[in-house]
Structures are given as structure tokens and as C-alpha cells.
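Contents: one structure, followed by commentary.
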Amino acid sequence: MRHSFSHGLGAPNGNIRQKLEEIFKLMLMVWCRQSQANKLIALEPSESDKTVVVRRGNEEFGFRIHGSKPVVVSAIEPDTPAESSGLEVGDIIIAVNGISVLDKTHSEVVKIAHSGSEILELDVARTCEVVASLAHEGGPALYSGYLWRAATGRHAPRWTRRWFVLKRDNCLYYYKTDSSIHPVGALMLVNYQLTEEDAGKPHGFRIQRGGGTRLQLAADSAEAAARWKAVLAHAIDASNQRDGWLEVTMRNMKLPPSSIPRPDCFGYLMKLGSKWKSWAKRYCVLKDACLYFYNDGNSKNAF
1 MRHSFSHGLG
11 APNGNIRQKL
21 EEIFKLMLMV
31 WCRQSQANKL
41 IALEPSESDK
51 TVVVRRGNEE
61 FGFRIHGSKP
71 VVVSAIEPDT
81 PAESSGLEVG
91 DIIIAVNGIS
101 VLDKTHSEVV
111 KIAHSGSEIL
121 ELDVARTCEV
131 VASLAHEGGP
141 ALYSGYLWRA
151 ATGRHAPRWT
161 RRWFVLKRDN
171 CLYYYKTDSS
181 IHPVGALMLV
191 NYQLTEEDAG
201 KPHGFRIQRG
211 GGTRLQLAAD
221 SAEAAARWKA
231 VLAHAIDASN
241 QRDGWLEVTM
251 RNMKLPPSSI
261 PRPDCFGYLM
271 KLGSKWKSWA
281 KRYCVLKDAC
291 LYFYNDGNSK
301 NAF
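With the UniProt record's numbering applied, the sequence shown corresponds to residues 1 to 303, in that order.
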């Protein structure tokens with residue numbers, strides 16, 4: 001035992017990270033197993049568990065998964081069956097159509113999901129409550145109301161009515177309705193610009209950043225559009241004022257991943273390129289709500 005412990009201390013950082021990631025996955029498995037056991041013996045179902053039914057649309061179900069043993073919902077495409085079903089990013093998939101997949105690999109889960117059924121019944125362990133509670137801690141809304149949001153795609157944009165909330169953290173959250181608890185999206189307004197270009201709908205405007213995410217929005221009236229543009233312009237100006245958090249973030253971008261103190265999470269993720277639309281494995285570090293991307297774990301700085 002002594003020899004094994006000493007060898008572990010002398011292991012490279014990469015091996016330590018790998019061991020920590022394995023421990024974290026084991027903790028997730030234990031939590032999911034406990035959740036299943038509680039479901040069997042409890043009189044009431046756990047609030048963190050849910051059964052979601054996703055009906056296939058014209059092409060796909062509209063969500064992606066990541067990892068293996070267990071797999072986690074990593075992305076949900078807008079205006080797809082997955083989004084309307086209530087599936088959330090971060091949900092851990094416990095079973096697919098009655099088949100337990102906690103011990104299944106990524107490819108095995110994909111095979112089960114595409115086994116010919118047009119309907120997926122997913123038993124999931126919900127993790128988004130933690131994220132949602134943090135979002136609510138941002139304080140009361142500075143401004144809120146309904147706006148039309150354009151879903152971008154290959155064809156003409158499809159407009160969907162969403163409830164938008166601007167909070168004190170200068171982040172714009174949007175929900176399905178004004179009674180929804182969990183946001184379906186959010187946009188941190190740092191380095192964004194508000195433009196009054198034609199958004200393809202009356203009373204429209206855009207929030208965009210060079211090479212980044214773009215939101216095409218429209219209000220129900222000219223007065224509502226003017227109010228929204230005023231509060232968003234003020235929030236964008238406030239976000240662009242350099243503060244301590246931005247200073248630290250800029251410094252961390254110049255450091256190798258191992259030099260970022262006390263990261264919240266770290267490890268490899270698959271990242272979809274914005275230009276060539278291809279997947280690449282990147283090393284990521286999450287620290288104070290900022291996600292840093294590196295070519296690999298030995299890179300000298302983030303990109």
C-alpha cells in the first residue's frame with residue numbers, strides 16, 4: 001500500500017486529472033444508483049428525477065449526449081422535439097425505453113436510441129436545479145417581458161415567443177414562458193453590440209458579437225422595442241466596463257491550464273468548430289463561470 005501511494009504522488013499531472021475524473025464519474029454512478037433506490041422505496045418521486053418523452057421530428061430528436069457510463073445530455077437544439085419535451089442540458093440518462101443505460105458506453109446508448117423507435121422515453125436524473133438556483137441568486141430582474149426570438153437555420157428564420165429577463169449580472173436569460181423556472185438559454189452581454197439593422201420582423205433588433213453568437217429579437221410594438229433597446233444598451237455598456245473579474249479572466253487566458261488556481265472543473269471535451277463545423281477534442285478548465293479552451297493539457301495558454 002505504501003509503494004502504491006507514493007507512486008500516485010509522483011504521477012504526472014495528467015494521470016492525477018484522469019484519476020480525479022474517474023472518481024467523479026464513480027460518484028455520479030453512486031448518486032444515480034441511490035436515486036434509483038430511493039425511487040423504489042419512497043412514497044413520492046424525487047424532484048431531481050423525471051421521465052421525459054421525446055417524439056422524433058422530421059429528422060432527429062434534437063439533442064446530443066456526451067460521456068460514457070453514464071452519458072449526459074450535452075446540447076439541445078432549439079425548436080426541436082427535445083426542447084419541447086422538457087429535456088435539460090446536464091440531465092444524466094438512467095434508462096432509454098425501459099432499458100437501463102447507466103453501465104452502457106456512449107455508442108451503446110446511441111444504438112439503443114436509434115433502434116427504430118420514433119418515441120424515446122428517457123428516465124433522467126436532473127442536475128439543472130443547481131444551475132437554476134445560482135441563476136436566481138443574481139437578484140431581482142432589472143427588466144423583463146416577452147420578445148420574439150428568431151431560430152437561425154438554413155431556411156428563413158422561424159420566430160418563437162419567449163420570456164426574456166435581464167438580471168443584475170448583466171446576463172440576458174430567456175424562458176419558454178413567464179412561469180418557467182429554468183431558462184432555455186442565456187447570453188452574457190460582455191463585448192456584445194446592439195444594432196438596429198433589419199431583423200426580418202417589425203420592431204426588430206440584433207445583439208451580436210464579431211464571430212460569436214447572435215440574437216435576432218423583435219418586440220410587439222415600437223414602444224416596447226425602444227424600452228428594450230435602452231435597457232440592453234445600458235447593460236452592454238456596464239458589462240464592457242473593465243472590472244476585477246475581467247482582469248483575472250484575461251490573466252488566466254495567458255496561463256497554462258495547470259497554473260489556474262482552484263479550478264471548478266477540468267478535463268477534455270469535444271468542441272464543435274464555428275467555421276468548419278467539425279468536432280475536435282479540447283482540454284477545458286472551468287473557473288468562476290468562465291470556460292477556458294486549450295489545444296491539449298500541456299498548452300501554454302488558452303485560445
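Even glycine gets a Cβ: it sits at the ideal position worked out from N, Cα and C.
Mapping DSSP to helix, strand and coil, what is residue i?
i, result
"Ser46", "No answer about Ser46 holds up, because its pLDDT of 48 lies below 50 and its placement is not dependable."
"Leu120", "strand"
"Ser239", "helix"
"Lys287", "strand"
"Val190", "coil"
"Lys176", "coil"
"Ala226", "helix"
"Ala280", "strand"
"Ala218", "strand"
"Ala151", "strand"
"Ala302", "coil"
"Val231", "helix"
"Val184", "coil"
"Arg168", "coil"
"Leu142", "strand"
"Leu255", "coil"
"Glu137", "Because Glu137 carries a pLDDT of 47, less than 50, the predicted location of this residue cannot be relied on, and no value is offered for it."
Could you say which of the options lies nearest to residue i if we only look at CA atoms?
i, options, result
"Asp79", "Pro202, Ala186 and Phe61", "Phe61"
"residue 329", "Trp148, Thr249 and Asn191", "This structure cannot speak to residue 329, because the chain is shown only from 1 to 303."
"Ala125", "Arg227, Pro256, Gly86 and Val285", "Gly86"
"Glu223", "Pro157, Leu215 and Gly204", "Gly204"
"Trp279", "Tyr268, Val285, Ala289 and Lys287", "Tyr268"
"Asp91", "Asn191, His66, Leu142 and Arg158", "His66"
"Ser100", "Ala82, Leu122, Tyr173 and Asp237", "Leu122"
"Pro257", "Ala230, Lys281 and Tyr292", "Tyr292"
"Trp163", "Leu189, Ala219, Asp169 and Asn97", "Ala219"
"Ala235", "Asn252, Phe266, Val190 and Tyr175", "Val190"
"Arg55", "Ala233, Asn97, Glu83 and Glu118", "Glu118"
"Lys176", "Lys281, Ala238 and Trp159", "Trp159"
"Arg64", "Ser299, Lys50 and Glu83", "Glu83"
"Met253", "Ser299, Met270 and Lys281", "Ser299"
"Lys281", "Tyr173, Thr249 and Tyr294", "Tyr294"
"Ser144", "Tyr173, Leu120 and Ala150", "Tyr173"
"Val89", "Val52, Glu196 and Ala151", "Val52"
"Val209", "Ala75, Pro157, Thr195 and Met270", "It is worth fixing the name first, because residue 209 is Arg in this sequence and not Val. Considering only alpha carbons, the answer is Thr195."
"Gln216", "Asn97, Ala150 and Leu232", "Ala150"
"Met188", "Tyr283, Cys290 and Lys50", "Cys290"
"Arg214", "Val165, Leu255 and Pro157", "Pro157"
"His142", "Arg227, Leu120, Leu255 and Gly185", "The identity of residue 142 in the sequence shown is Leu, whereas the question assumes His. Residue Arg227 is the option with its Cα nearest to Leu142."
Buried or exposed: where does residue i fall if 16 or more other Cβ atoms within 10 Å of its Cβ makes it buried?
i, result
"Gly171", "Looking at the sequence itself, residue 171 is Cys, so the reference to Gly does not match. That one is buried."
"Leu272", "exposed"
"Arg206", "buried"
"Lys167", "buried"
"Gly297", "buried"
"Val109", "buried"
"Gln193", "exposed"
"Glu247", "exposed"
"Asp169", "buried"
"Ser266", "The residue asked about is misnamed: residue 266 is Phe in this sequence, not Ser. So Phe266 ends up on the buried side."
"Arg251", "exposed"
"Pro81", "buried"
"Phe5", "At Phe5 the pLDDT is 34, less than 50, meaning the model places this residue with poor confidence and gives no usable figure here."
"Ala225", "buried"
"Ala75", "exposed"
"Ala302", "buried"
Considering only heavy atoms of the ligand NAD, does any lie closer than 6 Å to the CB of residue i?
i, result
"Tyr174", "Ligands in the displayed structure: none, and consequently the ligand NAD is not present."
Cβ pair count under 8 Å reaching 3, the stretch 229 to 243 against the stretch 258 to 266: No contact exists between the stretch 229 to 243 and the stretch 258 to 266.
Touch test, the stretch 175 to 182 against the stretch 109 to 118, Cβ-Cβ under 8 Å, three pairs minimum: Segments in contact, no.
Ranges of the beta strand (DSSP E) found wholly within the stretch 62 to 119, counting only runs of at least 3: The qualifying runs are 63 to 66, 72 to 76 and 92 to 96.
Validate contact between the stretch 64 to 73 and the stretch 90 to 109 using beta carbons, cut 8 Å, 3 pairs: Taking one beta carbon from each stretch, the stretch 64 to 73 and the stretch 90 to 109 have 3 or more pairs nearer than 8 Å; the two touch.
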